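Trainee: Protein chains in written order, with our numbering: chain A, 90 to 648; chain B, 307 to 654.
Backbone N, C-alpha and C fix where the C-beta goes; we use that ideal spot for every residue, glycine too.
Note that this is a predicted model, so its numbers are computed, not measured.
My structure is below; once you've seen it, I'll send some questions.
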Amino acid sequence: MHFPEPMSAFDMVTAEAAYCALGSSSTRVHCIPTTLGIDHRIINGRVYIGGNAVTDPAEIARRTVEFQKRAFYYYENWERLYAQWREKMLALIHDARALPELALPEFEPLEHVHAGRGVASNHYLLETYQKTLEGYFRMWHHHFEFLLLGYGAYLTFFGFCKGAFPQISDQTVARMVAGIEAEIFRPDEELRRLARCAVDLGVDAQFQEGLSVQAVIDSLQQTGEPGRAWLGELETSREPWFNINVGDGFYHYHRSWNDDLSMAFAGLPGYISRLKAGESLERPVEKLQAERRQLIEDYRELLSSDEERAAYDQMITLAHRVFPYVEGHKFYCEHWYTNLFFNKIREFGALLAAHGFFANQEDVFHLTHYELEAAIIDLMTSWSNGSPPRGPERWPEIVAQRKAAIAEWSKHDMPPALGPVPDVIDDPAIVMLWGITSETLDTWLNAGSEAAGNEIRGFAASSGVVEGPACVVRSVEEIVRLRQGDILVCQVTNPTWAPIFQKIAGAVSDIGGSMSHAAIVAREYSLPAVVGTGTATSRIKDGQRIRVDGGRGIVTILQ
Amino acid sequence: MGSPGNVSWFSDIGLSDRPDVGGKGGSLGELLRAGIAVPPGFVVRTQAFESFLEVVERTSPIRTRVESLSPDDLEAVTVCSKALRAQLEETALPHSVTDEVAAAYAQLCSSPTAVAVRSSATTEDASDASFAGLQDTYLWLNSRDETLRRLRSCWASLYSVESICYRRRHGFPEASVAMAVVVQTMVDARCAGVMFTRSPTTGDRSVITIEGAWGLGSAVVGGEVTPDRWVIGKITGEISVRDISEKKIKHVPLSAGGVEAIPVEPELVQAACMSDAELQTLRDLARKVERHYGRSQDIEWAVDRHGGGILLLQSRPETVWSKRESAPVARAAENPLSHVMSIFGGRR
C-alpha cells in the first residue's frame with residue numbers, strides 16, 4: 090500500500106533497499122519468531138508485498154530464544170541506543186551532504202595535477218554514485234533498526250486496549266500513545282513562527298492568497314531591510330525543517346518544501362490572518378499533555394481490577410518509551426535523507442542530459458539504478474578515450490517507452506492485492522507496517538460488489554462529521570486550488586501538508602492508517618478525516634459534495 | 307428534624323436508609339445526593355406499613371398465617387392471598403399515616419400534577435431483580451384519594467401469590483418483610499428510554515449504550531416500539547453507533563389517568579428522538595451515576611416535555627456482565643517486556 094502510483098524504473102530502488110533492510114532486521118538481526126522478511130514483486134509498476142511466515146512450532150521456539158536475547162536488549166537499552174541512532178543518522182546525512190559536486194572538465198584542473206592526486210575526475214563520478222547508492226541502502230537499515238520493535242510495543246498496548254475495551258476506537262489508543270512534541274510537528278511550527286515574524290517585521294501584507302512564491306519573494310525584497318530580515322528567518326527554518334517532502338518519500342517527484350516552497354508558502358496567509366485576528370498560534374503543548382494524561386487515567390480507571398491496571402501500566406510505559414522513535418525516524422529517513430538522495434541522482438541526470446543521454450535531467454529516473462551505473466561508466470569511458478558515449482543512441486528510446494508505459498499503467502486501477510487469499514494473516518510486520526489484516530482483505534475482496542454505491546470506507550482517523558465540496562488534489566502544484574471549507578481528497582496526506590489543514594474542513598486519503606502522520610495532524614486540528622480508503626481519488630470527482638464521517642471511517646458521495 | 311415520621315422526602319434519604327425506605331426510595335435519594343435531577347417525590351416509610359399492619363392484625367393475624375403456608379400448596383396460598391389482599395385494601399389507614407401522606411401529597415402537587423405510586427420493598431435488591439418485579443407500580447394518578455388507595459394496593463401486593471411463594475421458598479421470616487412506597491411526580495416525556503453504562507453486547511466498560519423513543523418510557527421498557535440506539539464513548543464522547551429506527555407509536559398520558567399508545571407524527575417517525583447535545587448530557591449523567599455507585603448501572607431516563615430537562619427515573623446496578631466477570635485481559639508480568647510476545651510470539 091506504500092506504492093499507489095506506478096513506480097518509475099529508478100524509484101524501485103526503494104523497494105529493494107527497504108525490504109532488504111526490513112528483512113535483515115526481522116529474519117536475522119532481531120529474529121522475530123513468527124516471520125522472516127517481506128517478499129515483493131513488481132507488476133505494471135506497482136509493488137506488491139507478501140509476508141514470509143514461520144509456522145513450524147519448533148522453529149518458532151528456536152527463534153523465540155534468539156529474539157528475547159536481542160529484542161529485549163534493545164527495549165532495555167532503548168534510550169541509549171536511540172541516542173546513538175540519531176548520531177549515526179546525522180553522520181549519514183552529513184556524509185551525503187559532503188559528497189562532491191559532479192564535474193567533468195575538459196582538462197583535469199591543474200591543481201589536481203600539481204598536487205599529485207593521481208586519480209582523474211571521471212573516477213569520482215562512479216565513486217560518488219556508488220557512495221550515494223550505498224548511503225541510501227544504509228539509511229534503510231537505520232530505518233528498520235528499531236521500527237518493528239517500536240510498532241510491536243505499540244501494538245501490544247493496542248491489543249490490550251482492544252481486549253479490555255472491545256469498542257475502543259483505534260484513534261483513541263493512538264491518542265494515548267502519540268507524542269506531543271514530535272519532530273513531525275516542527276515544520277508546521279516553523280511556519281507559524283515565520284507568520285509571526287512577518288507580522289512583527291511589518292511585512293505581512295506581502296503574503297496574499299494565490300501569489301506565486303517568486304512574487305512574494307520579489308515584493309519582500311522591495312520592502313528593503315524588513316523583507317530581507319524575514320528571508321533570513323526563512324533560511325533559518327529551512328535547515329533542517331523544510332527537508333520534508335510532500336509525499337511519503339517513495340517517489341522522486343515528491344519534492345521537499347525546500348525544493349518547492351509553494352507548500353510552505355500556501356500556509357502563510359492563513360496563519361497571518363489568524364494572528365491579526367488576535368489568535369495565538371502557539372500549540373497548547375501543556376494542555377495537550379494534560380489531556381493525554383487524563384485520557385490514560387480515565388481508561389485506566391475503567392479497568393476491572395488492579396491486576397489489569399498493573400499490566401496496563403507496564404504496557405503503556407513501554408509504548409511511550411518506544412514511540413519517539415516510531416514518530417521521529419521518518420523525518421530523518423523518508424524525508425531528509427531521501428531528499429538528499431533523489432537530488433543527488435538529479436545531479437547525475439543533469440550531467441547525463443548535458444552529454445546527450447536524454448532530453449532533461451528528470452529522465453534519469455526512468456533508468457534502473459543498475460542501468461544508471463552503466464550509463465555513468467559509459468560517460469566516464471567516453472570522457473577518458475575521447476570517443477562519443479554510446480548512451481545517447483540507446484537511452485532516449487527506452488526513456489520514451491517507459492514514460493509511455495507509466496502513463497498507460499496509471500490509467501488503470503490495479504487490484505489492491507493479488508494471489509490466493511491467506512487463511513490467516515498473523516505476520517506482525519504486515520499487520521504493523523501496513524495495517525493489513527484478514528478484515529482488510531475481506532473489505533478489498535468485497536470492494537467490487539459495492540463499487541456502484543456512494544459509500545467509500547477507510548480507517549476512522551479523526552472523528553467528526555462534515556459535508557462540503559471535494560477538492561481532489563493529485564499533486565502539490567494543485568494545492569493552491571484549495572478554498573476555505575473544501576474537503577481535501579488526496580492519495581497520501583502527510584505532515585508536510587499541515588499548513589493547509591487550517592483551510593480545509595476535512596480530509597480523505599487513499600493511503601494511510603490511524604497511526605499515519607496525517608491522522609495525527611488531523612486529530613490535532615480536530616478535523617474529520619478518513620484515511621486508507623484505497624479508491625477515494627479515483628471515485629470522487631472534483632467539486633462533488635461529500636460527507637466525511639471520521640468517527641466511523643465512511644465517506645459518502647452526496648451528488 | 308427530629309425522628310423521621312411516616313414520610314421522608316427524597317432529599318433527606320440515601321442508600322443507607324434502605325431498611326426504612328426500600329431499594330427504590332433509597333436509590334432516588336442517592337441520585338439526588340449525587341447531584342442528579344430526579345422527578346420530585348417522597349417515600350412512605352416502612353414504619354407506616356408496620357403501623358398499618360398492626361391495625362390489620364387486630365382483626366386477624368397475618369404474619370403467622372403466611373408463615374404457616376407451604377410454597378408447594380398453591381391452592382392454600384391462593385386462598386390466603388385473596389383473603390389477605392382484600393383485607394388490606396379494605397382496612398382504613400391509621401390517621402397519622404393518612405395525615406402525613408396527604409400533607410406531603412399537597413406539598414408535592416401544589417399545582418395539579420400526576421404522580422406514580424411505586425412499591426419500594428426492603429428486600430428489593432439488585433442481585434434479586436426477580437423479586438423486585440413482583441410488586442406493583444401505579445402510574446399517572448391524578449388525585450390524593452387515588453394515591454392513598456394505591457398506597458394500600460402496593461402494600462397488599464406483598465401478599466400476592468407470587469410474593470408469598472417466593473418468600474416461603476426462600477424461608478424469609480415474615481417479621482422482616484416490610485414495604486416502603488414511593489410517591490413521585492410523573493414526567494410528561496418528549497422522549498424517554500434506558501441506558502447502560504457498559505455495552506450490553508460486549509460488556510465494554512468504555513462505552514455507554516443509549517436507547518430511546520418518542521413519548522413515555524413505558525413504550526421502550528414494554529417493548530412496544532423499537533427505540534433509536536446510540537453507542538457513545540464514555541470518555542471520548544465519540545458517537546460510534548447511530549441506529550435511528552422507525553418509531554410508529556408513542557405512549558402519552560391520558561387526562562383521566564393512565565397511558566395510551568398513539569401514532570407518532572409522520573415527520574418524526576424516522577427522526578432521531580435525541581440531539582447530539584442531549585446525548586452528551588446523558589453521557590455526563592451516566593458517568594456521574596456510575597462513579598457515585600462505583601459500578602456499572604442500568605438507568606431509566608426521560609426528557610421533560612415542559613422544559614424540565616433530562617431526569618433520571620431509576621438507576622440499578624447492571625447485573626448480567628457484572629456477574630460473569632472473566633479473567634483479566636492481562637496480568638502484570640515479572641518482566642514487563644514479555645508482554646510483547648503477544649505480538650511477536652504468534653497465535654496460541
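Against chain A, with Cβ distances strictly below 7 Å, would GLY651 of chain B count as a contact?
Mentor: By one-based count along the second sequence, residue 651 of chain B stands at place 345. Residue-level contact by beta carbon holds for GLY651 of chain B and chain A, with a gap shorter than 7 Å.
Trainee: Is the CB-CB distance between TYR360 of chain A and ARG282 of chain A below 7 Å?
Mentor: The count along the first sequence starts at 1 and reaches residue 360 of chain A at position 271. The count along the first sequence starts at 1 and reaches residue 282 of chain A at position 193. No, Cβ-Cβ distance for TYR360 of chain A and ARG282 of chain A is not below 7 Å.
Trainee: Compute the distance between the beta-carbons of VAL350 of chain B and VAL487 of chain B, then report whether it is under 7 Å.
Mentor: Position 44 of the second sequence holds residue 350 of chain B. Position 181 of the second sequence holds residue 487 of chain B. Yes, they are a contact pair.
Trainee: Using a Cβ cut-off of 7 Å, pull out every chain B residue sitting near ALA399 of chain A, in sequence order please.
Mentor: Residue numbering aside, residue 399 of chain A sits at position 310 when the first sequence is read from its first letter. The answer, in chain order, is ALA638.
Trainee: Within a Cβ cutoff of 7 Å, which residues of the same chain sit near ARG339 of chain B, ignoring the five residues on either side of it in sequence?
Mentor: Within the second sequence, residue 339 of chain B is the residue found at index 33, counting from 1. Setting aside the 5 residues that flank it on each side, ARG339 of chain B is surrounded in the same chain by GLY320, each with a C-beta closer than 7 Å to its C-beta; the list follows chain order.
Trainee: Mind checking the stretch 509 to 522 of chain B against chain A and listing, in chain order, the residues whose C-beta falls within less than 8 Å of any C-beta there?
Mentor: GLY509, ASP510, ARG511, SER512 and VAL513
Trainee: Leaving out the 5 sequence neighbours to the left and right, which residues in its chain are closer than 7 Å to ARG548 of chain B when beta-carbon positions are compared?
Mentor: Here residue 548 of chain B is taken as the residue at index 242 of the second sequence, counted from 1. Within the same chain, ARG548 of chain B has close Cβ partners TRP536.
Trainee: Along the stretch 532 to 551 of chain B, what residues have a CB closer than 8 Å to any CB found in chain A?
Mentor: VAL537, GLY539, LYS540, ILE541, THR542, GLU544, ILE545 and SER546
Trainee: Taking only the alpha-carbon atoms, compute the straight-line gap between ASN141 of chain A and GLY239 of chain A and give it to the nearest angstrom.
Mentor: Working through the first sequence from its first residue, we reach residue 141 of chain A at position 52. Working through the first sequence from its first residue, we reach residue 239 of chain A at position 150. If you take the alpha carbons of ASN141 of chain A and GLY239 of chain A, they lie about 20 Å apart.
Trainee: State yes or no: is the C-beta of GLU721 of chain A within less than 7 Å of the C-beta of GLY417 of chain A?
Mentor: Here chain A comprises residues numbered 90 to 648, so residue 721 of chain A is not present and cannot be evaluated.
Trainee: Could you check how far apart the C-beta atoms of MET228 of chain A and TYR414 of chain A are, in whole angstroms? I think they sit under 8 Å.
Mentor: Position 139 of the first sequence, counted from the start, is the residue given in the question as residue 228 of chain A. Position 325 of the first sequence, counted from the start, is the residue given in the question as residue 414 of chain A. Rounded, the Cβ-Cβ distance is 15 Å, inconsistent with contact.
Trainee: Considering only their Cβ atoms, is the gap separating SER387 of chain B from ILE470 of chain B smaller than 7 Å?
Mentor: Reading the second sequence from its first residue, position 164 is the one you call residue 470 of chain B. Reading the second sequence from its first residue, position 81 is the one you call residue 387 of chain B. Yes, Cβ-Cβ distance for ILE470 of chain B and SER387 of chain B is below 7 Å.
Trainee: Using a C-beta cutoff of 7 Å, does ALA540 of chain A count as contacting chain B?
Mentor: Here residue 540 of chain A is taken as the residue at index 451 of the first sequence, counted from 1. Confidence at ALA540 of chain A is low in this model, with a pLDDT of 48, below 50, so its placement is unreliable and the value that follows should be read with caution. Output row for ALA540 of chain A: interface = no.
Trainee: Should the stretch 239 to 248 of chain A be regarded as contacting the stretch 519 to 533 of chain B, the criterion being three or more beta carbon pairs within less than 8 Å?
Mentor: no
Trainee: Residue range of the beta strand (DSSP E) that VAL609 of chain B falls in?
Mentor: Mapped onto the second sequence, residue 609 of chain B falls at position 303. Residues 603 to 610.
Trainee: Along chain B, in chain order, which residues have C-beta atoms closer than 7 Å to that of ASP651 of chain A?
Mentor: Because chain A here runs from 90 to 648, residue 651 of chain A falls outside it and cannot be looked at.
Trainee: For ARG391 of chain B and TYR465 of chain B, which I take to be in contact (beta-carbon distance under 8 Å), what is that distance rounded to the nearest angstrom?
Mentor: To locate residue 391 of chain B, count along the second sequence from 1; it is residue 85. To locate residue 465 of chain B, count along the second sequence from 1; it is residue 159. Contact flag correct, Cβ pair sits at about 5 Å.
Trainee: Could you check if GLY580 of chain A is buried or exposed, using at least 16 other CB atoms within 10 Å of its CB as the buried criterion?
Mentor: Residue mapping note: residue 580 of chain A aligns to position 491 of the first sequence, counting from 1. Reading the sequence as shown, one finds Gln at residue 580 of chain A and not Gly. Under this definition GLN580 of chain A is a buried residue.
Trainee: By DSSP's criteria, ALA559 of chain A is part of a beta bridge. Which residues make up the other side?
Mentor: The count along the first sequence starts at 1 and reaches residue 559 of chain A at position 470. DSSP lists A:ILE576 as partners of ALA559 of chain A.
Trainee: State whether the stretch 495 to 515 of chain B contacts the stretch 476 to 483 of chain B, with contact taken as three or more CB pairs (one from each stretch) at a distance under 8 Å.
Mentor: no
Trainee: What are the partner residues of ALA495 of chain B, as DSSP defines its beta bridges?
Mentor: The residue given as residue 495 of chain B occupies position 189 in the second sequence. For ALA495 of chain B, which the question treats as bridged, DSSP gives the partners B:ASP610.
Trainee: Let me know if SER564 of chain A comes out buried or exposed under the rule of 16 or more other beta-carbons within 10 Å of its beta-carbon.
Mentor: Position 475 of the first sequence, counted from the start, is the residue given in the question as residue 564 of chain A. It is exposed - the Cβ of SER564 of chain A has fewer than 16 other Cβ atoms within 10 Å.
Trainee: Can you tell which of A:GLU190, A:ASP145 and A:ALA353 has its C-alpha closest to the C-alpha of GLN591 of chain A?
Mentor: As a working note, residue 591 of chain A is residue 502 in the first sequence. Of A:GLU190, A:ASP145 and A:ALA353, the residue nearest in Cα terms is A:ALA353.
Trainee: So with CB distances below 8 Å, who are the chain B contacts of PRO329 of chain A?
Mentor: Taking the first sequence and counting its residues from 1, the one referred to as residue 329 of chain A is at position 240. None at all; the shortest Cβ gap to chain B is about 33 Å.
Trainee: What does ILE650 of chain A reach in chain B if we use C-beta pairs closer than 7 Å?
Mentor: Residue 650 of chain A lies beyond the residue range present for chain A, which begins at 90 and ends at 648; the question has no answer from this structure.
Trainee: First and last residue of the alpha helix (DSSP H) that includes TRP484 of chain A?
Mentor: As a position in the first sequence, residue 484 of chain A is number 395, starting the count at 1. Unbroken alpha helix (DSSP H) run through TRP484 of chain A: 480 to 498.
Trainee: Considering only the beta carbon of each residue, do ASP442 of chain B and SER463 of chain B sit closer than 7 Å?
Mentor: Stepping through the second sequence from its first residue, residue 442 of chain B is reached at position 136. Stepping through the second sequence from its first residue, residue 463 of chain B is reached at position 157. Yes, the pair counts as a contact, with Cβ atoms nearer than the cut-off.
Trainee: Let me make sure I understand the geometry here. Which of B:VAL527, B:PHE348, B:GLY539 and B:LEU414 has the alpha-carbon closest to that of ASP590 of chain B?
Mentor: Residue 590 of chain B sits at position 284 when you count from the first residue of the second sequence. Considering only alpha carbons, the answer is B:GLY539.
Trainee: Tell me, please, whether the stretch 623 to 630 of chain A touches the stretch 321 to 339 of chain B by the rule of three or more beta-carbon pairs shorter than 8 Å.
Mentor: no
Trainee: What does the alpha-carbon distance come out to for the pair PRO505 of chain A and GLN490 of chain A?
Mentor: Working through the first sequence from its first residue, we reach residue 505 of chain A at position 416. Working through the first sequence from its first residue, we reach residue 490 of chain A at position 401. Approximately 25 Å, taken between the alpha carbons.
Trainee: Tell me, please, which residues DSSP counts as bridged to GLU566 of chain B.
Mentor: Residue mapping note: residue 566 of chain B aligns to position 260 of the second sequence, counting from 1. BP columns for GLU566 of chain B point to B:VAL558.
Trainee: Would you kindly check if the distance between the Cβ of ALA638 of chain B and the Cβ of GLN157 of chain A is under 7 Å?
Mentor: On the first sequence, position 68 is the one that residue 157 of chain A refers to. On the second sequence, position 332 is the one that residue 638 of chain B refers to. Going by C-beta atoms, GLN157 of chain A is not nearer than 7 Å to ALA638 of chain B.
Trainee: Can you tell me which of B:GLU584, B:VAL385 and B:VAL403 puts its alpha carbon nearest to the alpha carbon of GLY499 of chain B?
Mentor: Within the second sequence, numbered from 1, the residue matching residue 499 of chain B stands at position 193. Cα-wise, what sits closest to GLY499 of chain B is B:GLU584.
Trainee: May I ask you to list the residues that DSSP assigns as paired with SER314 of chain B?
Mentor: Looking up residue 314 of chain B in the second sequence gives position 8. The partner list for SER314 of chain B (beta bridge, DSSP) reads B:VAL349.
Trainee: Relative to the C-alpha of VAL575 of chain B, which candidate in B:PRO559, B:ILE616, B:LYS554 and B:LEU619 has its C-alpha closest?
Mentor: Taking the first residue of the second sequence as 1, we reach residue 575 of chain B at position 269. The residue with the shortest Cα to Cα distance from VAL575 of chain B is B:LYS554.
Trainee: By DSSP, does ASN334 of chain A sit in helix, in strand, or in coil?
Mentor: The count along the first sequence starts at 1 and reaches residue 334 of chain A at position 245. Here ASN334 of chain A sits in strand by DSSP.
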